[in-house]
Amino acid sequence: MTSIELKAHAKVNLFLKVLNKRSDSYHNILTIFERISLCDKVKISKIPKGIVVSSDRFITRHPKDNLAYKAARAILNNKRLNGGVKIRIRKIIPIGGGLGGGSSDAAAVLVGIDRLFNLKLKKKALMKLGGRLGADVPFFLSDAPFAIGRSRGDRLEVIRSKKRFWHLLVYPGFELSTKEVYEAFDRHLPKGLTRKRDGVKIPLPLVSSTDFDAVESMLYNDLEDIARSKKDITDYIIKRLALRLGKKAILSGSGPSLFCLYRTRKEAVKDQGLLFNSVAPRERKSWRVFIVKTEA
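Taking our numbering as reference, the numbering of the sequence shown is continuous, increasing by one, and the terminal residue is 397.
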């Protein structure tokens, strides 16, 4: 085998609480991840030496700063492999949208190189490599539709659930810096405030309850108010979804992407049409809107 192509799925956060800031400048969080059907395509090919990363969309000014490059370098150096890889990424997941696209691409590179070179690394070893690259990478390596994330989000507990959701997902057309959103969150907290980890409960009925309205009411993201204050359009979309559709819209990760929860694809498609009819084309020119589902 000289090449392999993998799907790199996006995620949304059904629940996200920020607990406190860590000494390494990251934050301890409590979150529920959901893997969704929206995905990039990552093709990895063997080459004599080096690492080459390319994409049909602009990723980063310096390719070596890209997580896919870092993932390839980490696993190639770790196993001291002879030869290199060429990585081609077809970007579908919006960049900087709070959907984990870069982390998912990195996870796909780790898995792809493991298979391409027949390394047969154990999942624990891949998770360790992934955790060094980014807090979301281990979730994408878990191969689970749902998981609880603790610590930086990288300490995982897979949720065994047959629950499947549909979403109307809106990317407003701009990036929000994760670092800047968390820094703003810290500034808005009273000095020294932290939440005890055992004092914040994960709403597990979110992925098990048959009461859809109850499930929808449990959706939550601590970073939402910050994202809304940093960009008026985020606030506008949330209000528009509530006013026109009567739906609760939630920020994914540190934003700016937003999503609503549905039982069926038909319901999501209907609301997509209503949303488009209620917003002038010039106002949503930069938006990207997707109908997605839980990726089992």
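Every residue gets a Cβ at the ideal spot worked out from N, C-alpha and C, and that includes glycine.
Output the boundary residues of the alpha helix (DSSP H) element that contains residue i.
i    : result
H128 : From DSSP, H128 is part of no alpha helix (DSSP H) but of the beta strand (DSSP E) over H128 to I148.
S243 : V238 to S243
A315 : F313 to M319
F286 : T279 to H289
Applying the 10 Å Cβ sphere with the 16-neighbour rule, what's the burial state of residue i?
i    : result
S104 : exposed
S355 : buried
H268 : buried
R366 : exposed
K263 : exposed
A381 : exposed
K386 : exposed
R256 : exposed
E325 : buried
L311 : Per the sequence presented here, residue 311 reads as Thr, with Leu not at that position. Looking at its Cβ environment, which holds fewer than 16 other Cβ atoms inside 10 Å, T311 is exposed.
R158 : exposed
N178 : exposed
V390 : exposed
A236 : buried
D141 : buried
S126 : exposed
L211 : buried
A397 : exposed
S278 : exposed
P306 : exposed
R353 : According to the sequence as given, residue 353 is Ser; it is not Arg. By the neighbour-count rule (16 or more Cβ atoms within 10 Å), S353 is buried.
A343 : exposed
N378 : exposed
N183 : exposed
Below 8 Å on the Cβ atoms is my contact criterion, and I expect residue i with residue j to pass it. Report the Cβ-Cβ distance as a whole number of Å.
i    : j    : result
I334 : L359 : Incorrect: roughly 10 Å between the Cβ atoms, too far for contact.
Y321 : F134 : Rounded, the Cβ-Cβ distance is 14 Å, inconsistent with contact.
S155 : R189 : 5 Å
S330 : N129 : With 8 Å as the limit, S330 and N129 do not qualify as a contact, their Cβ atoms being about 23 Å apart.
K180 : L220 : 6 Å
K348 : C361 : 4 Å
G185 : K150 : 4 Å
I148 : K187 : 5 Å
The beta strand (DSSP E) spanning residue i covers which residue range?
i    : result
E106 : S104 to K122
R389 : R389 to K394
R256 : R256 to V259
R251 : F247 to R251
V271 : W267 to Y272
Kindly say whether residue i, judged by its beta-carbon, lies nearer than 9 Å to any beta-carbon of chain C.
i    : result
G231 : Included in the structure is just one protein chain, with no chain C present.
Exercise. How do the region 236-251 and the region 315-331 stand: do at least 3 beta-carbon pairs fall below 8 Å, yes or no?
Worked result: no
For this session: Decide if the region 107-115 is in contact with the region 196-206; the criterion is three or more beta carbon pairs, one per stretch, under 8 Å apart.
Result: yes
Exercise. Of all the alpha helix (DSSP H) runs that stay within the bounds of the region 157-240, which reach a length of 4 or more residues?
Worked result: 168-180, 202-217 and 224-234
For this session: Could you say if the region 214-224 and the region 193-203 meet the contact criterion of at least three C-beta pairs nearer than 8 Å?
Result: no
Exercise. Can you list, in chain order, the stretches of the beta strand (DSSP E) that have 3 or more residues and sit fully within the region 329-394?
Worked result: 359-363 and 389-394
Problem set entry | contact_flag[the region 230-239, the region 166-173] where n(CB pairs < 8 Å) is 3 or more | yes
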